[in-house]
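Counted the way the working numbering counts, the sequence shown spans residues 366 to 447. Glycine included, every Cβ here is placed at the ideal spot set by N, Cα and C. Computed from a predicted structure; not experimentally measured.
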Amino acid sequence: MKIRMPDLDVAGTFIFTIGAMMYFLARMVTKYPQECQNLFNFSAAALLIFGGYKILNKYKKEIKKEEVEKLESKDLGGRNEE
């Protein structure tokens, strides 16, 4: 039995990260303001990377689907003419 991590959901990741940031913000803002700022920067970078990755994968799948449909229509068109 293979154990694999589920695909990342952008909305779920965003909500989880916001919740985690708010928790750490409440703990660190008075004692460690620089670390709090670093946490926000890291979280923003993670959201951009994961969100961008999902968007690019979806775009790539759409392009492949269009190319396959175009090739299939050319193949069917050529066979019908013969």
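Assigned secondary structure, residue i (DSSP; H/G/I helix, E/B strand, else coil)
i	result
Val-394	coil
Lys-419	helix
Lys-429	helix
Lys-435	helix
Contacts around residue i, its chain only, beta-carbon distance under 8 Å, and the 5 residues preceding and following it disregarded
i	result
Glu-400	Met-393
Own chain, CB closer than 7 Å to residue i, minus 5 neighbours either side, in chain order
i	result
Ile-383	none
Leu-390	Cys-401
Close Cβ partners of residue i (< 6 Å) along its chain, the five nearest in sequence each way excluded
i	result
Thr-378	Phe-415
I want to know whether the segment 424-433 touches the segment 401-413 - three or more CB-CB distances under 8 Å. no
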